[in-house]
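The numbers in this note's numbering rise by one with no breaks, and the one at position 487 of the first sequence is 504. A short worksheet on the structure shown next.
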Amino acid sequence: MKSDELFALLRRRGVLWPSAEIYGGAQGLYDYGPLGAALKRRVEEAWAAWFVGLSHDYYLIQPAEILPEAVVRASGHLENFTDPEITCENCHTAFRAETILEKVRPEGVDGLLPTQIAEIVNSHHLKCPNCGSPALSVPRAFNLMFALDFGVSGKERAYLAPETAQGSYLSFARMWDVGRRALPLGVAVIGKAYRNEIAPRQVLFRMRSFTQAELQIFFDPAHFLVPFERARDEKLPVLRVPRREAGQESPEWVGAAELVASGLPEFYVYHLVHVFRFFRDVLRYPAERIRLFEKSDQERAFYNRIQFDVEVHLESLNGFKELGAVHYRGDYDLGRHSEGSGRDLSVTPTGGSKLLPHVLELTFGVDRNVWGLADTHLAKDGERTVWRLPPYLAPVPVGVFPLIAKEQAPYALALADTLAAAGVRTQYDDAGTIGKRYARMDEAGTPYCLTVDGPTVADGPEHDTVTLRDRDSKAQERVRAADLVARLRPALEPPRPARS
RNA sequence: GCGGGCAUAGUGUAGUCUGGUUAUCACAUAGGCUUGCCAAGCCUAUAACCCGGGUUCAAAUCCCGGUGCCCGCACCA
C-alpha cells in the first residue's frame, strides 16, 4: 500500500492522526487513537520482554525527559546541534557555515554570531562550493533540540531530551550502586525524545516528538562473555561495507560464527543476532525484507566503532527504512559525562580492576515500528483488508459477537466480561451482519472472534460452546466457553529469548 | 529550509480551467424492516468546500498571505 492510502486507513480506523487537527495540524506531531495506543504499548511490552529478558542484569528504568544544559553540553548535543547553516539561493544546496569558511577561517566558526559569519562571507566574496554562485544566504543557526526556560529565575536553561540514551548514562552511577556492581550492566529505557526537525516527513518516520526503546549495555571490553552458542548457528542478512562499495543493495546471508571470524566481537554479533530475531520472530517482519546495513567510517558518528542499522523494506515508503540499530559506542559517553560532571564514572567490579565501561547500544524507533507493522502486516486480501499482527501485538485480541443480537446478546456480553476479568481484552460488537463484524475486526488486527449462536444458549450437546474463528485462515471451531481462557492466553504472551 | 504539486462530509471523490439552482457519487456511521457464520437488500438520518484577507451584484471556483500534506533536493550530531 502507498503511504497516503495506508495513512488514510489508519486515520479512518482511529489508529493515529495528525495532532492539533482542528487548528490545521502541527508538523511532525501525531496522536495515537485507541487501536494505535494499544498496539504501540504492546510493541513496547514485547520489546521489554525480549531485550530485558536477555540477561538477569538488564533492567528497565524511566529517566526524566528534560536535560539540564550541562548534560547536553557534555554529551556534545549542544555544539553539534547549533552549527549554523548557509543555503545557496541559486542551487538551493545547504552547507554548514564551517564548510564555506573552511579556507578563510580554518579555526572554525564556534562562538561567532550569524551576522559575524555573514560579514566574513561578504568580505571574502565567498561562493557556493556546488554551483559557484555568490548568492549565499545569511547563516541560520538550527538547533534540533527544543530549548526551555528552566526554573523561575529565567537564567537556567534546559532541553527536551533529543534521545533517551542520555538518561541511561546519567543513571549509570546510581544503577551501579543499586545493582550487583558487576558488568555487564544493561539499562533499558522506553521513552520520549524530542527533535525540532527541519523537515518532518513520512508520518511516523520523522517526528518532532517520538518514542525510542533503547538498551544501553555497560561492559568491560576485555571481559564481555556472552552465551554465544545460542547465536552461533543463526544466519544474518547483512550488507557489509565492501559489498555496498561493490554496488550491491541486497544483503547476503552470513553465519554468526563467520561474522565473528571476520573480526566483529562475539558480544556484538550475539546481540545483533537477538536484534534480528526480535524483528523476525517477535515483530514477524518477513526475513527477506530485513537487512542489517553496516555503516562505513564516514557514515557513522565518530564515537561509534561498529554500527549496523536494522532496515526493513517498506512498500509504503519505497525502500529499506531504518527501524533500529546496534551501536558500539566505546567509552565515549561515560568519558564525556565524567569530564562534564567532574564525577569519575569508572568502576571497579568485584575481583577486577578499575575501568571506564564501554557501551553497546541497541536502539529502536517505536513509532517507526508501528508504521512498519502496518506496512508489512496490513494488506488487502480480495475484498477484505486484514492486519495480520501476531496475536500478542493485536490491540484487541478477541472479538465477541452474538450471531443474532436479539437472542444471544446477554450471553455474549457476559462472555466478554468473563474474558476481560481473566485478563483477555475483548471487543463486543452486535452491529450489522456477522460478516461485517468479522471484516471490521480483520482490519483492526484482531486474531480471534468468538460467536455466540443458537446452540450456545439452547439445551443440547453444544450448550455453552461458541465458535472460535481464526483471522488468517477464516476457519471456525467449536470450543467450550469454559476452555477459552486457557486456550487463548498462551498466544497472547510475547516471546522471550531462551535463557538459562 | 528550497523547488514543484495538492487541500471539498469519518474515508475516497465530482464540481474549480470558463464565478451563478438546494455542492455529486460511493463507502463508512446511526436508526428501522428483512436475513442469520464471512462487508447482501430496502427505507430514513447525520455529515464537507483548510484558515485569513482581497476582487465581484455574486467565490468551493479568480488573486494574495498563512497553515498542513505529498514528491524531489538539503538536513537527520
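Glycine included, each C-beta is placed from N, C-alpha and C at the ideal position.
Would you mind working out which of the options sits nearest residue i, comparing C-alpha positions?
i, options, result
"Val387", "Gly208, Ile137, Gly369 and Arg58", "Arg58"
"Asn321", "Arg306, Glu328 and Val343", "Val343"
"Val220", "Glu86, Asp384, Phe296 and Leu509", "Asp384"
"Lys397", "Ala81, Leu143 and Glu460", "Glu460"
"Met224", "Ala230, Ala498, Ala515 and Asn213", "Asn213"
"Trp193", "Asp446, Thr367 and Glu231", "Thr367"
"Asp487", "Gly462, Val502 and Asp481", "Gly462"
Skipping 5 residues on each side, what residues in its chain have a beta carbon closer than 6 Å to that of residue i?
i, result
"Pro268", "Pro254, Val255, Leu256 and Arg308"
"Arg401", "Ala456 and Asp459"
"Pro407", "Arg301"
"Tyr287", "Val243, Phe245 and Ala248"
"Asp361", "Ser355"
"Glu311", "Arg257, Val258 and Phe325"
"Phe295", "Trp67"
Just checking my contact of residue i with residue j at CB under 8 Å: how many whole Å lie between their CB atoms?
i, j, result
"Phe236", "Leu377", "7 Å"
"Leu420", "Val469", "7 Å"
"Gly53", "Leu84", "Contact doesn't hold; Cβ gap of about 28 Å is too wide."
"Leu505", "Ala63", "Not confirmed; about 17 Å, so no contact."
"Asp481", "Arg497", "6 Å"
"Ala37", "Leu46", "7 Å"
Quick check on DSSP: helix, strand or coil for residue i?
i, result
"Asp392", "helix"
"Asp481", "coil"
"Glu173", "strand"
"Gly452", "helix"
"Ile78", "strand"
"Glu86", "helix"
"Phe68", "helix"
"Gln315", "coil"
"Glu231", "strand"
"Ile207", "strand"
"Arg212", "coil"
"Phe337", "strand"
"Ser92", "helix"
"Ser36", "coil"
"Glu180", "coil"
"Leu406", "coil"
"Val387", "helix"
"Gly473", "According to the sequence shown, residue 473 is Thr rather than Gly. DSSP places Thr473 in helix when its eight states are reduced to three."
"Gly368", "coil"
Just to confirm my understanding: we take residue i, look at its own chain, exclude 5 residues before and 5 after, and list those with CB closer than 7 Å. What are they?
i, result
"Val290", "Ala248, Glu251, Leu253 and Ala273"
"Gly70", "Arg513, Pro514 and Arg516"
"Gly352", "Leu373"
Can you tell me the Cα-Cα spacing of residue i and residue j, whole angstroms?
i, j, result
"Leu334", "Arg218", "11 Å"
"Trp404", "Ile103", "45 Å"
"Thr380", "Val415", "31 Å"
"Ser355", "Ala87", "12 Å"
"Phe245", "Val292", "14 Å"
"Val483", "Leu467", "6 Å"
"Gln44", "Tyr302", "29 Å"
"Gly393", "Glu305", "The amino acid at residue 393 is misidentified as Gly; the sequence shows Thr. Thr393 and Glu305: Cα-Cα distance of roughly 12 Å."
"Pro478", "Arg442", "28 Å"
"Ala391", "Gln444", "20 Å"
"Val169", "Arg90", "22 Å"
"Phe167", "Glu82", "13 Å"
"Leu165", "Gly171", "9 Å"
"Leu23", "His142", "49 Å"
"Pro427", "Ser185", "51 Å"
"Gln183", "Ser92", "8 Å"
"Ala439", "Arg28", "31 Å"
"Ala508", "Asn160", "46 Å"
In chain order, what residues of the same chain have a beta carbon less than 8 Å from the beta carbon of residue i, not counting five sequence neighbours either side?
i, result
"Glu424", "Gly471 and Val474"
"Ser20", "Gln219, Val220, Ser333 and Leu334"
"Glu339", "Phe310, Asp326, Val327, Glu328, Gly382 and Arg385"
"Leu153", "Ile103, Thr104, Cys105, Glu106, Ile117, Val138, Leu143, Lys144 and Cys145"
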